[in-house]
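Some notes on the structure that comes next.
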C-alpha cells in the first residue's frame with residue numbers, strides 16, 4: 001500500500017497507468033512515474049474555472065508554436081484538471097531542471113524575463129484600452145499598501161511596549177523609519193499616478209504569470225527556460241510580473257548591471273510605455289517583502305527562530321537598498 005493511494009485514480013482520468021508516486025514538495029506537489037514517462041501532479045487551491053481558462057490559453061499558445069511554458073495536460077473528457085473529494089488536481093509533463101545558484105542566476109533571469117515578455121505580448125488583450133479596467137487593480141493595491149502601513153505602526157507600538165524587546169524587535173525598530181518612509185513615499189507616488197492617469201486610455205492588460213521565481217520555472221543545461229505553475233495567473237498589468245521578477249532577482253543576490261540588461265531584454269520583446277515604467281518604479285519602491293515578513297513574525301504565522309527572523313529581516317533590508325539604488329539609477 002502507498003500513502004498516496006488516493007492519487008492513483010487521478011492518472012486513470014488521463015488514460016495513464018501510474019506505477020509509483022512520490023512527494024516532491026510538501027504538501028501539494030507529487031511526481032507520478034508511468035511506463036511512458038514522468039508527470040507532475042499538483043493539488044491546487046486555484047478555482048477550476050481559472051484552470052479551464054488558463055489551460056485553454058496555454059494550449060492555444062502551444063499550437064501557435066510557443067514553447068515558453070509547460071502546459072496543463074488534458075483528461076479523457078478534455079478538461080485540464082481533475083476534481084476528487086473536494087480537491088482539485090492537475091498534471092503536467094515532468095521536466096528536470098538545473099538548480100539555480102549565484103553562478104547561473106543571470107542566465108536564469110535572462111531566460112525568464114524573455115519568457116515573461118513573450119507571454120505578456122502574446123496574451124495582451126487589445127480590446128481592453130479602458131482605464132476603468134486598470135483603476136480597480138490600482139485601487140486594490142493602494143488599499144493593501146495602506147493596510148500594511150497601518151500594521152507597521154501597530155507592530156512598532158507592540159515592539160516598543162514589550163518589557164523585554166526581542167532581537168527582532170530591536171532590528172525592526174532600528175530600521176522602522178527607513179521602512180515607513182519607503183512605504184509612504186511609494187503610496188503617495190502611486191496615488192499621484194492614479195490621479196494623473198484617470199482619463200488616460202493607454203493602459204494594457206495581459207495574462208501575468210503571478211510569481212516568476214526559480215521554483216516556478218525549469219531551466220535545462222543549455223539555459224533554456226520554460227514557465228510553469230500558472231496558479232496565480234490573472235489578467236493584470238504586466239508590470240506586476242516585472243516587479244516581482246526584479247524583486248526576486250535582487251533577493252537572490254542579483255547585481256545592478258545585470259538588472260539593467262534584464263530590463264532591456266524584456267523591453268526588446270514587449271516595450272513598456274512611459275506610464276508603465278513609472279508604475280514599475282513605484283511598485284519596486286514599496287517594501288512589500290518586508291511588510292509580509294513583519295506580518296508573519298508578529299502574527300506568528302510561522303515557527304521562526306529569532307536568529308532566522310533577524311537574519312531574514314537584515315537580508316531583506318539589504319536587498320531593498322540595492323533595489324532602490326538600481327531603480328533610482330535606471331529610471
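In my numbering, the protein residues as written are 1 to 331.
For glycine and all other residues, C-beta sits at the position ideal for the given N, C-alpha and C.
Fair warning: this is a prediction, and the values are worked out from it, not measured in the lab.
If you draw a straight line from the alpha carbon of residue 266 to that of residue 272, how long is it in whole angstroms?
Residue numbering aside, residue 266 sits at position 266 when the chain shown is read from its first letter. Residue numbering aside, residue 272 sits at position 272 when the chain shown is read from its first letter. In a straight line, the C-alpha of residue 266 is about 9 angstroms away from that of residue 272.
Return the first residue and the last residue of the beta strand (DSSP E) that residue 297 is part of.
Residue numbering aside, residue 297 sits at position 297 when the chain shown is read from its first letter. Looking at the DSSP string, residue 297 is not in any beta strand (DSSP E); the run it does join, the alpha helix (DSSP H), is 288 to 298.
CB residue 160 to CB residue 317, shorter than 8 angstroms?
Along the chain shown, one-based indexing puts residue 160 at 160. Along the chain shown, one-based indexing puts residue 317 at 317. Contact flag unset, no.
Is the Cβ-Cβ distance between residue 205 and residue 119 less than 8 angstroms?
Stepping through the chain shown from its first residue, residue 205 is reached at position 205. Stepping through the chain shown from its first residue, residue 119 is reached at position 119. No, these two residues do not count as a Cβ contact at 8 angstroms.
Using only CA atoms, which one of 187, 83, 72 lies nearest to residue 144?
Within the chain shown, the letter at position 144 stands for residue 144. Residue 187 is the option with its Cα nearest to residue 144.
For the pair the region 227 to 236 and the region 45 to 59, tell me if three or more CB-CB distances fall below 8 angstroms.
Short answer: they touch.
Can you name, in chain order, every residue of its own chain whose Cβ lies under 7 angstroms from the Cβ of residue 124, other than the five neighbours on each side?
Walking along the chain shown from the start, residue 124 turns up at place 124. Excluding residues within five positions, the ones whose Cβ falls inside 7 angstroms are 204, 206.
If we ignore side chains and look at the alpha-carbon of each, how far apart do residue 236 and residue 297 end up?
Here the question's residue 236 lines up with position 236 in the chain shown. Here the question's residue 297 lines up with position 297 in the chain shown. If I take the Cα positions, the gap works out to 30 angstroms.
Identify, in the order they occur along the chain, each residue of the same chain with its Cβ nearer than 8 angstroms to the Cβ of residue 277, setting aside the five sequence neighbours on each side.
One-based indexing of the chain shown puts residue 277 at position 277. Counting only Cβ-Cβ distances below 8 angstroms, and skipping sequence neighbours, we find 331.
Measuring CB to CB, does residue 218 end up less than 8 angstroms from residue 97?
The count along the chain shown starts at 1 and reaches residue 218 at position 218. The count along the chain shown starts at 1 and reaches residue 97 at position 97. Their beta carbons are under 8 angstroms apart, which means residue 218 touches residue 97 by this criterion.
In the structure shown, what three-state DSSP assignment does residue 70 receive?
Within the chain shown, the letter at position 70 stands for residue 70. Residue 70: coil per DSSP, three-state reduction.
If I measure Cβ to Cβ from residue 33 and keep anything under 6 angstroms in the same chain, skipping five residues before and after, which residues do I get?
Here residue 33 refers to the residue found at position 33 of the chain shown. The residues are 19, 20.
Take the Cβ of residue 13 as the centre, count every other Cβ of all protein chains shown within 10 Å, and call the residue buried at 16 or more, exposed below.
On the chain shown, position 13 is the one that residue 13 refers to. Buried is the call here.
Is the region 250 to 263 in contact with the region 103 to 116, if contact means three or more CB pairs nearer than 8 angstroms?
Yes: at least three Cβ pairs fall under 8 angstroms.
Entirely within the region 78 to 134 and at least 4 residues each: give me those alpha helix (DSSP H) ranges in chain order.
As far as the region 78 to 134 is concerned, its whole alpha helix (DSSP H) runs of at least 4 residues are 105 to 123.
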